[in-house]
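Working notes, beginning with the structure itself.
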Amino acid sequence: MKIYAAKDYSDLSRKAANLISAQIIMKPDAVLGLATGSTPVGAYKQLIAWYEEGDLDFSRIRSVNLDEYKGLSGEHDQSYRYFMNHNLFNHVNIRKEDTNVPNGLAEDAEAECVRYNGVIAAMGGIDLQLLGIGGNGHIGFNEPSSVFEKGTHVVTLTEETRQSNARFFASIDEVPTHALTMGVGNIMSARKILLLASGEAKAKAVYDSCFGSVTPNVPASVLQLHSDVVVIADEAALTLVREKTDWKDGIYEV
Ligand code: PGA
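Taking our numbering, the leading residue of the sequence shown gets 24, the next gets one more, and so forth.
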């Protein structure tokens, strides 16, 4: 695991976009595992800008998103399909049919999870998986738990996650209670992983995930077992790491 310090959110976004661009340039038909939430928005904006300047071509890129709320259609403005269309896909030349997000409206959610695992397998796995991190250490919607779930599955969202996402809905009652998410096994099978963390609310999750015990109680801690993980965190998200380690500058290798 390598941790890169970013000065602030805009520095983090540029660094992340640079690494994603490198993947697209090196493998023009790469499979990108993509994430929603506020953290990757700046990186997506930068990728769109470079696409508009003619530096990036998404025409052969395929994508698979981490998760989707159960019960929301892709047209709902808080669905993750809507988020991806509006924050990235509509602005670059990726083919929509090559983009995948779990279907939140599937009548049989368990069957949809099985189908989604098949989609990932049929694409030959994920080349680069982008991740945010929850204040509780969740990745995708893999919430703190007593087990690491392997494949795509239906989860009950924790109260903390629903509260934290309520800012995007009219009221907490409208935040879905369940979601479909890739499992830790799907994520760990990605060839490269890029985790982004911004803001002090993530400081404890970043410290525990990178330096704590590997436990499903801090889902992102499993990334310590992956051989190619880059964490880009801004100084606010690194507060605890700075306090508890002797890391001053450069890249920290855990
Ligand atoms: P955020 O969410 O980017 O909106 O902070 C990240 C996450 O919960 O995974």
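Yeah, the Cβ is synthetic: ideal placement off N, Cα and C, and Gly gets one too. All values derive from a computational prediction rather than experimental measurement.
Return helix, strand or coil for residue i, following the three-state DSSP convention.
i	result
D196	helix
G148	coil
V207	helix
S212	coil
I162	strand
A58	coil
K25	strand
H201	strand
N41	helix
H109	helix
D257	strand
E276	strand
V237	coil
V178	strand
E223	helix
S168	coil
L246	helix
T122	strand
If you measure from the CB of residue i, is any heavy atom of ligand 1 nearer than 6 Å?
i	result
G60	yes
G155	yes
Between the C-alpha atoms of residue i and residue j, what's the straight-line distance to the nearest angstrom?
i	j	result
T179	D269	38 Å
L246	Y139	22 Å
I274	Q186	34 Å
G147	N123	14 Å
L42	Y230	22 Å
S102	N113	15 Å
L70	A40	6 Å
N88	V253	19 Å
E120	F234	40 Å
L154	A28	16 Å
G65	S33	7 Å
E75	I117	13 Å
E135	K267	43 Å
Y105	H99	7 Å
P63	S194	24 Å
I48	D196	43 Å
N110	G97	14 Å
L218	T181	21 Å
L151	N209	12 Å
If distances are taken between C-alpha atoms only, which option among the options comes closest to residue i?
i	options	result
D80	A45, S102, D100, A58	A45
G206	D52, V142, Y27, I162	I162
T204	S232, G235, L111, T59	T59
G77	V115, K50, E172	V115
D90	F191, D31, G174	G174
N240	N126, G158, S86	G158
V177	K68, L128, A224	L128
K30	A260, V277, Y92, H109	A260
T262	V137, A213, K225	K225
V237	A202, V170, R190, F192	V170
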